[in-house]
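Worksheet: one structure, shown below.
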Amino acid sequence: MKSIKAFYKPVKLSEKEENDLNHALLRAVISGGVPYNFVENYYLSKWVGMLKLSYKLPSRTTLTGNHLVQLYVEACHKRDDILKEASCCTLLWDGWTDVSHQSIYALMVLTDESSELLDIINFSRDMHTAENMLNWQSIFYNKVL
Numbered sequence: 149m150k151s152i153k154a155f156y157k158p159v160k161l162s163e164k165e166e167n168d169l170n171h172a173l174l175r176a177v178i179s180g181g182v183p184y185n186f187v188e189n190y191y192l193s194k195w196v197g198m199l200k201l202s203y204k205l206p207s208r209t210t211l212t213g214n215h216l217v218q219l220y221v222e223a224c225h226k227r228d229d230i231l232k233e234a235s236c237c238t239l240l241w242d243g244w245t246d247v248s249h250q251s252i253y254a255l256m257v258l259t260d261e262s263s264e265l266l267d268i269i270n271f272s273r274d275m276h277t278a279e280n281m282l283n284w285q286s287i288f289y290n291k292v293l
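Sequential numbering from 149 applies to the sequence shown in the working numbering.
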């Protein structure tokens, strides 16, 4: 008895289809908090091959190098477009100390429609004084707006 694979001719994915699948995979890995090397897991590769035989999982370095950079650039462009259209905005700071006792701050902007992350800043080398924070805020305010 022949298996279904004997009647199946794999369709080659276009570069765009493969890129879209890689971006979707990267989003799933990031949102699930899964280590990047999970994409190189033997059983995941077998499972994906059963779903779409012509799709080959990228390596973790391809995923974090090429595709992560592309998603970051797309997110920055989207954020910048939102901020250009905003009639008013509010800059927000949120700070915390990580497990290594580093002083980490997030600089965000609120608009009528959304909140956008501008940057995450490690103030461990610099004092996180009001003056230093104001300097960072001014840099991003001038850069984005």
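All C-beta atoms in this analysis are idealised placements derived from N, C-alpha and C, irrespective of residue type, glycine included.
Check, Outcome
"Should Val221 and Pro206 be called a contact, given that it needs their Cβ atoms to be closer than 9 Å?", "no"
"Would you check if there are 3 or more beta carbon pairs closer than 8 Å linking the segment 256–264 to the segment 220–234?", "yes"
"Let's test the definition: count the other Cβ atoms within 10 Å of the Cβ of Asn185 and tell me whether it reaches 16, buried, or not, exposed.", "exposed"
"Leu199: buried (16+ other C-beta within 10 angstroms of its C-beta) or exposed?", "exposed"
"Which residue wins for smallest C-alpha separation from Asp168, given the options Ala254, Gly180, Leu211?", "Leu211"
"Helix, strand or coil: which one does DSSP assign to Leu239?", "strand"
"Buried or exposed: Ile268, going by 16 or more other Cβ atoms within 10 Å of its Cβ?", "exposed"
"Can you tell me the Cα-Cα spacing of Lys226 and Leu219, whole angstroms?", "10 Å"
"Using DSSP with H/G/I as helix, E/B as strand and the rest coil, what is Tyr203?", "coil"
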